[in-house]
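Numbering (my numbering), first residue to last: 2 to 278.
Here a beta-carbon is modelled for each residue, glycine too, at the ideal position from N, C-alpha and C.
Let me begin by presenting the structure, written as structure tokens, before commenting on it.
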């Protein structure tokens, strides 16, 4: 059998995800939000210098001020610092996007990042798009974290769920094709994709969609949480499975001729959701 090869950027993506971009230990709201502000440039400062001092990407500060990253600044010039949220330990762009209610791509764009270089560090300030919703304060989080934890995930913890969401999203943006019987980065079918992503997060599930449906605790689609599986019942048989990533979206390996992709629940509605037991 011919040895299957990874797409050129696949190993780099997986490395970024699990070495530095793995997801947060909590998906509950509570990150500190810094409102838009201004700072005064010191003698010799560039936009890059200001960005580094603010723990933000150069692109985010440059974009907010319609400047270039290496642009020299006059002493005393006011530089706008965009509204931001401070990343917690291990958080990823995808998790932050879900918390502030925007698409991951919009958050990437606001910070001048791509899917291939989306690894962020603890304490880094992530610029927010103008349409980002308000994030609740830490005080509110202390009151709600305990009660929300059980509702968020029934059998897999937040870190694992976020890894599942992040990897599924990364694959959906990597041009990986649908391949009947596929179960690697060379190509996936629907259940091959779900089994692969779960395995990378440390969870073993059966290979077929029918068997996977038997390995979950079923729930209504309206109660699906990020990291859950979604199933389509076709005439009494499970004909399709996908991974729910939040915001009414899921990642699926659809059919021959198409790549792994992000789809909306409203466009192709599942029959039920399920949390791995």
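Secondary structure in the segment 52-94: the alpha helix (DSSP H) runs of 4 residues or longer, each lying completely within the stretch, are 59-66 in chain order. In this chain, residue 229 is not harboured by any beta strand (DSSP E), its DSSP state being neither H nor E. A check of alpha carbon separations from residue 112 across 84, 102, 100 identifies 84 as the nearest. Look at the segment 95-128 and you find these whole runs of alpha helix (DSSP H), each 4 residues long or longer: 105-111. Between the segment 238-245 and the segment 193-200 there are three or more C-beta pairs closer than 8 angstroms, enough to call the two in contact. When rounded, the separation of the alpha-carbon atoms in residue 177 and residue 56 is 34 angstroms.
Rounded to the nearest angstrom, the gap between the Cα atoms of residue 43 and residue 96 is 35 angstroms. Secondary structure in the segment 193-274: the alpha helix (DSSP H) runs of 4 residues or longer, each lying completely within the stretch, are 210-214 in chain order.
If you draw a straight line from the Cα of residue 45 to the Cα of residue 264, it comes to about 48 angstroms. Residue 166: member of the alpha helix (DSSP H) spanning 159-173, first to last residue.
For residue 40, the uninterrupted beta strand (DSSP E) run begins and ends at 38-41, by DSSP.
Around the beta carbon of residue 210, 16 or more other beta carbons lie within 10 angstroms, which makes this residue buried. The alpha-carbon separation between residue 208 and residue 257 amounts to approximately 19 angstroms. Residue 203 and residue 162 have their C-alpha atoms roughly 11 angstroms apart.
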